[in-house]
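> Residue numbering for the sequence shown is 12 to 131, as defined by the working numbering. The structure's right below; bear with me while I get my questions together.
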Amino acid sequence: MKLDEVNGDWCQPLYESKAAGLILYGRALGLSHGEAEDVLQETFLALLQLDGRPEEPEHYALRTFRNRCAELPAPTCAARGTRELESRRWFEREPEETETERRAMNALAASPASKREVMF
Numbered sequence: 012m013k014l015d016e017v018n019g020d021w022c023q024p025l026y027e028s029k030a031a032g033l034i035l036y037g038r039a040l041g042l043s044h045g046e047a048e049d050v051l052q053e054t055f056l057a058l059l060q061l062d063g064r065p066e067e068p069e070h071y072a073l074r075t076f077r078n079r080c081a082e083l084p085a086p087t088c089a090a091r092g093t094r095e096l097e098s099r100r101w102f103e104r105e106p107e108e109t110e111t112e113r114r115a116m117n118a119l120a121a122s123p124a125s126k127r128e129v130m131f
């Protein structure tokens, strides 16, 4: 076994190449961005605690990430669903929107994209 396999140096390139994809995978599974980042951190902490590099580190990381996502408590899933339904309402126009809401949306739409992100 090589020294880098023992001390976890194999983990950094794996993290750099797969972290963003794992977060997107977590989002596809219904996690919030923060939840996906938390699961990612737990996944790599688990990988670093191994005695050495697994035979197929990418598969091991994916499986570990997926398993940790599945272990999240059910209330988290219910709360997430409620949040997502509520957030959809924020961006849907309704016939009873007020003049103030309409002006605010128009002002936001007219702002430069970089400013809109900050305001949001």
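Cβ coordinates follow ideal geometry from the N, Cα and C atoms, glycine included.
Take GLU53 and list the residues in its own chain whose beta-carbon comes closer than 7 Å to its own, dropping the five residues that flank it on each side.
The residues are ARG79.
> Looking only at its own chain, which residues have a Cβ that is under 8 Å from the Cβ of PHE76, when we skip the five neighbours before and after it?
Closer than 8 Å at Cβ, skipping near neighbours: LEU33, TYR36, GLY37, VAL50, LEU51, THR54.
> Can you tell me which of LEU59, GLU108, THR109, LEU119 puts its alpha carbon nearest to the alpha carbon of GLN23?
Answer by Cα proximity: LEU59.
> What whole-angstrom Cβ distance do GLU69 and LYS29 have, given they're in contact under 8 Å?
Right, the Cβ-Cβ distance comes to about 6 Å (below 8 Å), so this counts as a contact.
> Got a sec? Which residues, its chain only, sit under 8 Å from TYR71 by beta carbon, not counting five neighbours each side?
The answer, listed in chain order, is LEU58, PRO65.
> State the DSSP-derived secondary structure class of THR111, mapped to helix, strand or coil.
In the structure shown, THR111 sits in a helix (DSSP, three-state: H, G or I).
> Less than 6 Å between C-beta atoms, sequence neighbours within five positions excluded: which residues of the same chain meet that for ARG113?
Within the same chain, ARG113 has no close Cβ partners at all.
> Name the residue from GLU48, GLY41, ALA81 whose alpha carbon lies nearest to the alpha carbon of ALA31.
Minimum Cα distance to ALA31 is reached at GLU48.
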